[in-house]
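In what follows, a structure is listed as structure tokens, so that the remarks can point back to it.
Residue numbers (my numbering), protein chains in the order written: chain Y, 54 to 391; chain E, 9 to 287.
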């Protein structure tokens, strides 16, 4: 099925499937947790949350967190699929390229400097995270790019690892220089968890993610062609330089946006596009929207594990994704010919 | 920046056999990668329907010349004219509907099928957010018939053999419905059977559809057999430009390739055969 060409029918079918999975996850995940809730009471009981414990748990404790997981998972997966196409390498992802840690550096810097202002409703640390993500991909791309657009896997991974180390050391430095309160805020944020989030921040970054997503899906076919080679794409009518610029900026934008509110959660952007590609094939016109739904469902599931596995202790969701992602990455690396 | 008038009148003054419309014209083109000058003072006029072979030793600038013809490298203003207009003044999509370029090899880390790769040639005709129409599918099916690739339509491109990949790339160029096809050593990695198969496909495209062919070639015997016109490059300069009989002369070839050769005529079709001598 993955080898057939994309038609409107196949597009609709695949997307409906992934859409159902997403809706099912969003509806079922809030019901799972260490505390049993009475669904009937939560939905139809008293609308005063201080009296109605079930509704409080469902709508205040669990649902925002699940929506947060959905947004983060969707954005990181989409960014991963785009980075993989632009760099022509299926090991590229926001985390492995150092883009997530660039975003972390931006956010941590903003926290440590106590920036509380916002521009057009966007909190300063989200803007700083986007700048950090953009800086990281700019650095990595310029390290690996060649005139003919061939990128070596080993160089790409090394550049990503180096960027990761570099940004991590700067984060540590900032952390070390910060006072006790700021230091605590930084640690909480760096854990890569979804529990410290609040709805307000999520709502403020949502338009950024929506904008990036729309632009990237609009450019999906140009990205397809770019993934078969820079000069090949040019000769078939793609303005490759423009596609690369738009692709990197938009993928960094959505990475920075979600990293700024949920912390660096690794490997989602690596794992999800792979699994989805196995099901729908490599055409980004379906791979991108399908990755959004699957990525959202995937991180909701990981977070559900994180909440329940050692309840009442909650494991940061980044730990779960890293435990899945590490072995997955090694498996991919072993499979590569050279 | 572009001024077609003098160009047209200049062409009118030329010899009668050169009155076929000029598609691509190089005016004193020089090209460098960083500080390395790869092509020097190239003057060339490619006319519609021609089959031009670009030959020369390794590093003589064949691939660069081919890429410049496709507008894939940045050339200085008005040094390359396509249909009497600076090639840089066309958009990527405009050029892609006129000129197809086939690299020596194409690779993708993703599992696109052969058919999907062919369909990518329709890109300059498609709008964003649209799926390919029935007509696009018919065009691709037809191109796969011409290149005898229909049987592996659904196989993964990355798992095909060199000859199969090359034919898929030709099919993908056909669906661009170009005026010119540029091929960078299309037979370099193929065995004898596929070399002939690929060149025969190109020959019929040249004859039946009138597509202008420009091929960078290593094999002088195949170049002599298939090309109507040869351009011989040495260290970025055109040494000789003419019919195979003009270019493939003992002293010229010995000078450019720095090897002793014997030149014979094929008993079959009269094309020239070049035999290198060992030292």
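Even glycine gets a Cβ: it sits at the ideal position worked out from N, Cα and C.
- Close CB contacts of residue 183 of chain E within its chain, under the 7 Å cut and outside five residues either way in sequence, are with 126, 129, 130, 147, 148, 151 (chain order).
- CA-to-CA, the gap between residue 214 of chain E and residue 84 of chain E works out to about 30 Å.
- Residue ranges of uninterrupted alpha helix (DSSP H) with 4 or more members, entirely inside the region 51 to 87 of chain E and ordered along the chain, are 70 to 77.
- Beta-carbon to beta-carbon, residue 74 of chain Y and residue 346 of chain Y are separated by about 6 Å, close enough to satisfy the 8 Å threshold.
- About 5 Å separates the Cβ atoms of residue 164 of chain Y and residue 238 of chain Y, confirming a contact at the 8 Å cut-off.
- With 16 or more neighbouring CB atoms inside 10 Å of its own CB, residue 76 of chain E falls in the buried class.
- Looking at E:111, E:240, E:115, E:34, the one whose alpha-carbon comes closest to that of residue 92 of chain E is E:34.
- Between the alpha carbons of residue 199 of chain E and residue 77 of chain Y lies a distance of about 55 Å.
- Interface flag for residue 123 of chain E against chain Y is set, since a Cβ pair is found closer than 8 Å.
- For the pair residue 291 of chain Y and residue 275 of chain Y, the Cα-to-Cα distance works out to about 6 Å.
- In the structure shown, the three-state DSSP call for residue 41 of chain E is strand.
- Between residue 158 of chain Y and residue 185 of chain Y, the gap from beta carbon to beta carbon is short of 8 Å.
- Residues of chain Y whose Cβ lies closer than 9 Å to the Cβ of residue 131 of chain E are, in chain order, 274, 275, 277, 278, 286, 289, 290, 291.
- Annotation for residue 115 of chain E: 166 place their beta carbon closer than 8 Å to its own, counting only its chain and skipping 5 residues before and after.
- Along the region 211 to 297 of chain Y, the alpha helix (DSSP H) occurs as fully enclosed runs of 4 or more residues at 233 to 243, 252 to 271, 273 to 279, 283 to 288, listed in sequence order.
- Inclusion of residue 282 of chain E and residue 264 of chain E in the CB contact set at 8 Å is not warranted, their separation being larger than that value.
- At a cut-off of 8 Å between beta-carbon atoms, residue 203 of chain E makes no contact with chain Y.
- With respect to chain E, the C-beta atom of residue 336 of chain Y has a partner C-beta closer than 8 Å.
- For residue 134 of chain Y, no CB of chain E lies under 8 Å from its own CB, so it is not counted at the interface with that chain.
- The Cβ of residue 253 of chain E sits no closer than 8 Å to any Cβ of chain Y.
- One finds nothing in chain E with a Cβ atom closer than 8 Å to the Cβ of residue 168 of chain Y; even the nearest lies about 38 Å away.
- Taking all protein chains in view, the Cβ of residue 254 of chain Y is crowded by 16 or more other Cβ atoms within 10 Å, so the residue is classified as buried.
- Secondary structure of residue 142 of chain Y (DSSP, three-state): coil.
- Taking 8 Å as the CB threshold, residue 109 of chain E lines the interface with chain Y.
- With respect to the 8 Å criterion, residue 82 of chain Y and residue 95 of chain Y are not classified as neighbours on the basis of their beta carbons.
- Residue 245 of chain E is bridged by DSSP to E:242.
- Contact annotation for residue 114 of chain E against chain Y: 281, 282, 285 [CB-CB distance below 9 Å, chain order].
- Per DSSP, the continuous beta strand (DSSP E) segment holding residue 273 of chain E begins and ends at 269 to 273.
- Under the three-state reduction of DSSP, residue 277 of chain E is assigned to coil, being neither helix nor strand.
- Considering only beta carbons, the part of the region 58 to 70 of chain Y lying closer than 9 Å to chain E consists of 58, 59, 60, 61, 64, in chain order.
- Residue 195 of chain Y has a beta carbon lying at 8 Å or more from every beta carbon in chain E.
- In this structure, the alpha-carbon of residue 121 of chain Y lies about 31 Å from that of residue 62 of chain Y.
- With 16 or more neighbouring CB atoms inside 10 Å of its own CB, residue 297 of chain Y falls in the buried class.
- Residue 323 of chain Y and residue 149 of chain Y do touch by the CB rule: their CB atoms are close to 6 Å apart, below 8 Å.
- By DSSP's assignment, residue 380 of chain Y forms no beta bridge with any residue.
- Around the beta carbon of residue 136 of chain E, a 10 Å sphere encloses fewer than 16 other beta carbons of the protein chains shown; the residue is thus reported as exposed.
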